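Engineer:
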Amino acid sequence: MKWIKKIISIIFLVVFSVILLGIGFTFLYGEKIEQLMLKNIKEKLITEIEVKEIIFSVFENFPYASVKLTDVLIMEKEPNINDTLLYAQQGYLQFNIFNLLSENQHINKIVLVGSKLHIKYDINGLANYKIFKPQEENQKKVRIEQIYFKESSLSYSHLKKKVAIGAKTGIVLVQFEQEKPSNFLVKGGMFMQNLLIGNTDYIQKKNTKIDANFAISDSIFFIQNSNIFIEDVQFKLDGEIKGKRVNLNISADNQRLKSVLMHMPEKFKSVCSSFLAAGDLSCKGLINGVISKTESPHFNMDFSITKGLFNLKENPFKLTAVSLSGNIDNGKSNNFESTIIKAEKCSAKTGNGTLAASFMVSNLNNYYLSIDINSNLDLAEVNHQFNSTPFFNMKGTLIAKTKYNGLLSFSEKMKDNFLSSIHQSDLQLKDVEFQYKKFPLLFGIPAMSCQIKDNKIIIENSEITISDSDIKFDGTITNFIPYLLAAVPKIVVEGNMQSVYVKFDELMTLKEMSEGKSTSTLPNWIEVNLKTNIQQLSYQYFVAENIDAKIEYSNYTLKAKDVKMNTLNGEITGEVKFHERPYNYLKLFTSAHLGKINIRNLFSAFQNFGQEFIQDKHIKGEGTADIQLQSSWNPGFEFDPNKLRLSSHLIINKGELVEFSPLLSLSSYVSVEELKNVKFSTLENNIRIEHNNINIPSMEIKSTALSVFISGTHSFDNEIDYQVRLLLSELISKKARSKNKNLDNELGVVKDDGLGRTTLYLRMDGTVDNPNIYFDKIKIKEKIKTEVKKQAEEIKTIIKEDVLNQKSDSTKPQEEKSPDIILEWKDEG
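Numbering (numbering that gives the first Met the number 0), first residue to last: 0 to 828.
This is the structure in structure tokens:
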């Protein structure tokens, strides 16, 4: 314990001695040192220095002795003498006291507190800080180890080079090498108010840190092993600056991309103003060349991004897990226009989808993108990312290989850029469903393979459903993408279509929609040219199978040519035209041949053709017909009977008339039981419908017991005007006579025609509910005249052949039969 006490005593004695020496030295030499120090400073300056107070201290900055200067003011070198070069609230010169006694001009530290340093170069390149007198020969140099700036402000300006720097320091150390003072270290934190080169402010109002080694040799400024922080972004910098020429290497490892973009110069923020990005960025690049008002250095950088995130500001489009590596080069012209960004390996996720690509972006003033991209996308996500799409509730998968060459933007301009680009894709769609605009129908694409070449889609095979209808299609679709982008008014579809089932009345609901009100019944957003084969089609009550047709649709007009189908237990061939003109007014034109069809089903399917004269419940049989039909619908798909036109020639075999009102009205002459259910071998009928009237030039019903010939008119208001001729068999004739005792006395009865039949000529007018029936005396007179003329001709023939031995002129041409009349109606709209 004694030796410990002895050591403590010695230490205390040494400390006490040092304090006494310090006090004594300060008392004896302090004022002299203060004056000597100030004198030496003034002698070395060619400009004015003012100091409010100077104090020497041995203990304030122990172990160094120090001279404290208060309110130090050093003016600029002339001719800028009116401006301040340096002002410091407090300045400390710290040195080894023994160096001072030996006149060794070695300053260990200079500490400037609350200082303002202004370094300037005028328009001629003259500096304001060269305030020291030239060093005389054999004069000892002043050596400075360290300079500290505490809570100070620094400014630098070079008018000729158009450079301006402003900063406020926390604590910044400038440390000089002892053997080579031109090499120095700068370390500390600053708030950069600006770093302006030309018109570009590279660092504006940012917290920065610097840990850099510098060297100056032959007017070359070297930067070595430097670490620079701008806010939370760290990068390494080394290289050299000689006048306007720079040669710098810059690198960064695993920096936050979001921070890099946030703290990049405002001038460059416009490049990425339309999107947000995050992730880890690593890069290594070179800046080489002249920096001036008119020139920019060459820039080349390799970069990589991992764990990236990309999100458009004006659109919910989002990429995650972005990974890419590439290169940036500002090209021969060293500007935005000649800049090229290449990425050879790029991958990302879109929620449930994936992307893999390589791309090149050129001309940062007006981006031009060349990209090869493989994508596997969830269409529900894609649908959500486009606000202007007419498709809703979309789901499914899109697999694509795409090549795109064209302008790129992250705003509304992208639509026009895309439409003017060159692009090609190989696409596969799987399990796709969506709705179009406000239509209730559900669209589906279970599978589709296609190619996109610019604005044309080439479909190799596809499976499509529209509600209950299904379609298999191969062909081309033109302008589908421009239509989605609202750049063109319609889509053009050409190719071959097959279907198992089409519900045509559902497809009719695909009409054009405005914001609130329908502008038309038929759609005008599509044009179609198809060869079709449909196994089954239904429209309201009409069902057809094995349909072959050529279908054209454009300008509100649907045409079906070379139509052939099996329906109504028979076959139909013909042509159809269905159009809308003006809006919401529909017209149907049909020219068809019906072979061996079920006549009752025909009337049911076409809703009795809009008439009540003869309906599906009245008739049975197998029919063959030639029909020309024109029908119209008013807005709201309301049938317009005033515009119904029909011309038909109908033959029904093995038929039956059931409670057919014109026959039932003859019950006064023939038993109801005979008229209620008339079976016949043949019914032949010509019917014309126009102007709300059914015109029957001739209808013949043939049966063994009863034959009926009817002609006349039947209005849609059920007003009738018929001429009826009945040929009664002997059995029916007897029943008729027993029912009507005065039948033989009536003028309308023509007795036996030679075949055992009795003929009745009747007239029927009035209404269906209250018909007037009477014998047609005019027809009887015409019949008698015809019979008399016929008998006279027969007598003449007998006289010529038997009496005069004259042969009839067999060479006289027979009178040609007039052909059936086929009506043609002009389009009324």
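Even for Gly, the Cβ is constructed at its ideal location relative to N, Cα and C.
Bear in mind that the values here come from a model prediction, so they are computed numbers and not experimental data.
Sorted by chain position, which residues of the same chain lie with C-beta nearer than 7 angstroms to Val852's C-beta, five sequence neighbours on each side aside?
Structural biologist: The first residue shown for the chain is 0 and the last is 828, placing residue 852 beyond what the model contains.
Engineer: Buried or exposed for His592, please, with buried defined as at least 16 other CB atoms from any protein chain shown within 10 angstroms of its CB.
Structural biologist: The residue is exposed, with fewer than 16 neighbouring Cβ atoms inside 10 Å.
Engineer: Taking contact to mean 3 or more Cβ pairs, one atom from each stretch, closer than 8 angstroms, check whether the region 568-587 and the region 530-541 are in contact.
Structural biologist: Too few Cβ pairs lie closer than 8 angstroms, so no.
Engineer: Just verifying my parser: in three-state terms, what is the DSSP assignment at Asn95?
Structural biologist: The answer is coil: DSSP assigns Asn95 none of H, G, I, E or B.
Engineer: Can you pull the DSSP bridge partners for Pro770?
Structural biologist: Gly765.
Engineer: Look at the alpha carbon of Met359 and the alpha carbon of Lys344, and state the distance between them as a whole number of angstroms.
Structural biologist: Their backbone Cα atoms lie some 11 angstroms apart in a straight line.
Engineer: Provide the residue span of the alpha helix (DSSP H) that contains Arg837, from first to last.
Structural biologist: Past the edges of the chain, shown from 0 to 828, lies residue 837, and the structure says nothing about it.
Engineer: Taking C-alpha atoms, which residue in Ile688, Thr623, Gln614 and Tyr555 lies nearest to Ile571?
Structural biologist: When only C-alpha atoms are compared, the closest one is Thr623.
Engineer: When the Cα of Leu184 is compared with those of Asp200, Asp210 and Gly197, which residue comes out closest?
Structural biologist: Closest by alpha carbon: Asp210.
Engineer: Could you tell me which whole beta strand (DSSP E) segments of length 3 or greater appear in the region 223-296?
Structural biologist: Qualifying beta strand (DSSP E) stretches, in chain order: 232-241, 244-255 and 274-289.
Engineer: Who are the Cβ neighbours of Ser152 in its own chain at under 6 angstroms, not counting the five residues just before and after it?
Structural biologist: Taken in chain order, the residues that qualify are Lys115 and Lys167.
Engineer: Assuming contact is defined by CB atoms lying nearer than 8 angstroms, are Ser322 and Ala342 in contact in what I supplied?
Structural biologist: Not closer than 8 angstroms, so no.
Engineer: On the CB-based measure, 16 or more other CB atoms within 10 Å of its CB, does Ile421 come out buried or exposed?
Structural biologist: So Ile421 counts as exposed.
Engineer: For Ala548, which residues does DSSP report across the bridge?
Structural biologist: BP columns for Ala548 point to Thr531.
Engineer: List the residues that DSSP assigns as beta-bridge partners of Gly443.
Structural biologist: Glu432 and Thr464, per the DSSP bridge assignment.
Engineer: Of the residues Lys429, Ile719 and Glu380, which one's Cα is nearest the Cα of Pro315?
Structural biologist: Answer by Cα proximity: Glu380.
Engineer: What is the DSSP secondary structure of Ala379, reduced to helix, strand or coil?
Structural biologist: The answer is helix: DSSP assigns Ala379 an H, G or I state.
Engineer: Less than 7 angstroms between C-beta atoms, sequence neighbours within five positions excluded: which residues of the same chain meet that for Ile709?
Structural biologist: Closer than 7 angstroms at Cβ, skipping near neighbours: Pro661, Ile695, Met698, Tyr721 and Val723.
Engineer: Does the beta-carbon distance from Ser448 to Gln427 come in below 8 angstroms?
Structural biologist: Yes.
Engineer: Is Asn696 helix, strand or coil when you go by DSSP?
Structural biologist: The sequence shown places Pro at residue 696, rather than the Asn named in the question. Pro696: strand per DSSP, three-state reduction.
Engineer: Taking the alpha-carbon positions, what's the Asp70 to His262 distance?
Structural biologist: Looking at the two C-alpha atoms, the distance is approximately 37 angstroms.
Engineer: With distances taken between CB atoms, is the gap from Lys489 to Trp524 smaller than 8 angstroms?
Structural biologist: Closer than 8 angstroms, so yes.
Engineer: Using the Cα positions of Asn198 and Thr207, report the straight-line distance between them to the nearest angstrom.
Structural biologist: Approximately 21 angstroms between the Cα atoms of the pair.
Engineer: Taking the continuous alpha helix (DSSP H) assigned at Tyr155, which residues delimit it?
Structural biologist: Run containing Tyr155: none in the alpha helix (DSSP H); it sits in the beta strand (DSSP E), Ser152 to His157.
Engineer: Just the Cα atoms here: how many angstroms apart are Ile118 and Pro264?
Structural biologist: C-alpha separation (whole angstroms): 24 angstroms.
Engineer: By the DSSP assignment, the beta strand (DSSP E) with Asp830 in it spans what residues?
Structural biologist: Past the edges of the chain, shown from 0 to 828, lies residue 830, and the structure says nothing about it.
Engineer: Just verifying my parser: in three-state terms, what is the DSSP assignment at Asn495?
Structural biologist: Three-state DSSP puts Asn495 in a strand.
Engineer: Using only alpha-carbon positions, find the residue among Ser590, Asn684 and Lys619 that is nearest to Asn676.
Structural biologist: With distances taken between Cα atoms, Asn676 lies closest to Lys619.
Engineer: Rounded to the nearest angstrom, what separates Asn769 and Ser706 at their Cα positions?
Structural biologist: Approximately 24 angstroms between the Cα atoms of the pair.
Engineer: Check each candidate in Phe234, Lys560 and Glu239 and name the one with the smallest Cα separation from Ser218.
Structural biologist: Minimum Cα distance to Ser218 is reached at Glu239.
Engineer: If you follow the beta strand (DSSP E) that Phe659 is part of, which residue opens it and which one closes it?
Structural biologist: Neither: Phe659 is in no beta strand (DSSP E) and is coded neither H nor E.
Engineer: Can you grab the Cα-Cα spacing for the pair Asn334 / Lys186, in whole Å?
Structural biologist: Roughly 33 angstroms between the two C-alpha positions.
Engineer: For Val173 versus Lys149, is the C-beta spacing smaller than 8 angstroms?
Structural biologist: Cβ distance not < 8 angstroms, so Val173 and Lys149 don't count as in contact.
Engineer: Going by CA-CA distance only, name the one from Asn299, Ile249 and Glu658 that's closest to Val767.
Structural biologist: Checking every option, the nearest Cα to that of Val767 belongs to Glu658.
Engineer: Between Phe479 and the rest of its own chain, which residues show a CB-CB distance below 6 angstroms, the 5 nearest in sequence each way excluded?
Structural biologist: So the list reads Ile456 and Ile490, once near-sequence residues are dropped.
Engineer: Tell me the DSSP secondary structure of Leu521 in three-state form.
Structural biologist: Coil.
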